[in-house]
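Colleague: My questions will all concern the structure given below.
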Amino acid sequence: MNIEREIRSLIKDLEECDQPYEEIFDQIVRLVNERVGKLLQEIDRLKKQDIDVIISYAVERQKLIEGLRHYADRRNHPPFWLYDDGKLAREILKEIGVTDV
13 MNIEREIRSL IKDLEECDQP YEEIFDQIVR LVNERVGKLL QEIDRLKKQD
63 IDVIISYAVE RQKLIEGLRH YADRRNHPPF WLYDDGKLAR EILKEIGVTD
113 V
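So the number in the working numbering is just where the residue sits in the sequence shown, counting from 1, plus 12.
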């Protein structure tokens, strides 16, 4: 049941019963607070998940940059099929904004 239906049901109960308005109002407030609390927990969970994904991408990016730096270094000898004196690796690093090669 969604919150709107639950609140409407509580208001209908209010109109049909002898229960004091304050009690029905308190029930509505508790219901809304419960739902807001759940939504805040979900927001926190999603924020943490986003942060974990961003950190994971940053770590993977750093690993790739280190590999490219290795091949960009003219002192290293890449396999014959990559032998371009590190030019391709330096171009890729420059393209992604890494300038300290």
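Where is the CB? At the ideal position from N, CA and C, for every residue including glycine.
On a predicted model such as this, the values are computed, not experimentally measured, just so you know.
(1) Could you pull out every residue in the same chain whose Cβ sits closer than 7 Å to the Cβ of valine 110, ignoring the five residues on either side in sequence?
(2) I need the boundaries of the alpha helix (DSSP H) containing asparagine 45, first residue and last residue.
(3) With DSSP as the reference, label arginine 87 as helix, strand or coil.
(4) Look at isoleucine 23 and leucine 43 and say whether their C-beta atoms are less than 8 Å apart.
(5) Less than 7 Å between the CB of arginine 17 and some heavy atom of the ligand GTP, yes or no?
Modeller: Let me spell this out:
(1) Contacts found: Ile77.
(2) Going by DSSP, asparagine 45 is part of the alpha helix (DSSP H) stretching over 33 to 84.
(3) Here arginine 87 carries a coil assignment [DSSP, helix/strand/coil].
(4) Not a contact, by the Cβ cut-off of 8 Å.
(5) With respect to the ligand GTP, the structure shown offers nothing to examine, as it has no ligands at all.
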